[in-house]
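Chemist: Our numbering puts the first residue of the sequence shown at 2, with every later residue one more than the last. Heads up, the beta-carbon is just placed ideally off N, CA and C, and yes, glycines get one too. As the structure is a computational prediction, the values presented were derived from the model and not from experiment. Once you've had a glance at the structure underneath, I'll fire off some questions.
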Amino acid sequence: MKMATIREVKAKLSEYIELARDDVIVITRHGRAAAVLQGIDPADLEEVIYETSERFRSLITSRRQTARRGMIPLDKVARPAARTRRRHENIPVRKG
């Protein structure tokens, strides 16, 4: 793990991005950790976005709580909804 000030990172961003491929860089502001620069494999981008998304984590938590309360499983709802959608395929849908 390396440490760098915001000023250093701003001055040499490309260099720090290259360094982040192999190491985690903690960026400091006024001597305190402010951010982390970490390289990612493009194949892992979607997973990283989900892991760092507060909205996604909230959705997962909500779904788990629903499951614990014994609510209707999603697959029981999704199949009938798909059949209903197919029955109404020819109905014009207003876009926008």
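How long is the line joining the alpha carbons of Ile18 and Asp24, rounded to whole angstroms?
Modeler: As a working mapping, residue 18 is identified with position 17 in the sequence shown. As a working mapping, residue 24 is identified with position 23 in the sequence shown. Roughly 10 Å separates the two Cα atoms.
Chemist: Among Ser54, Thr67, Met2, Arg22, which has the Cα closest to the Cα of Ile41?
Modeler: Residue 41 sits at position 40 when you count from the first residue of the sequence shown. Nearest option by C-alpha distance: Arg22.
Chemist: From the DSSP output, in three-state form, read off Arg70 for me.
Modeler: Within the sequence shown, the letter at position 69 stands for residue 70. If DSSP states are grouped into helix, strand and coil, Arg70 belongs with coil.
Chemist: Suppose you measure from the CA of Asp45 to the CA of Gln39; what does that come to, to the nearest Å?
Modeler: Translated into positions along the sequence shown, residue 45 becomes position 44. Translated into positions along the sequence shown, residue 39 becomes position 38. When rounded, the distance between both Cα atoms is 12 Å.
Chemist: Leaving out five residues on either side along the sequence, give the residues of the same chain with a beta carbon under 8 Å from the beta carbon of Val49.
Modeler: The sequence position of residue 49 within the sequence shown is 48, counting from 1. Cβ within range, chain order: Ile41.
Chemist: Exposed or buried, Val10, counting other C-beta atoms within 10 Å across all chains shown (16 or more means buried)?
Modeler: By one-based count along the sequence shown, residue 10 stands at place 9. Classification for Val10: buried.
Chemist: Just to confirm my understanding: we take Arg35, look at its own chain, exclude 5 residues before and 5 after, and list those with CB closer than 8 Å. What are they?
Modeler: The residue labelled residue 35 in the question sits at position 34 within the sequence shown. The sequence shown places Ala at residue 35, rather than the Arg named in the question. Counting only Cβ-Cβ distances below 8 Å, and skipping sequence neighbours, we find Ile7, Ile28, Thr29.
Chemist: Just to confirm my understanding: we take Arg65, look at its own chain, exclude 5 residues before and 5 after, and list those with CB closer than 8 Å. What are they?
Modeler: The residue given as residue 65 occupies position 64 in the sequence shown. Answer for Arg65: no residue qualifies.
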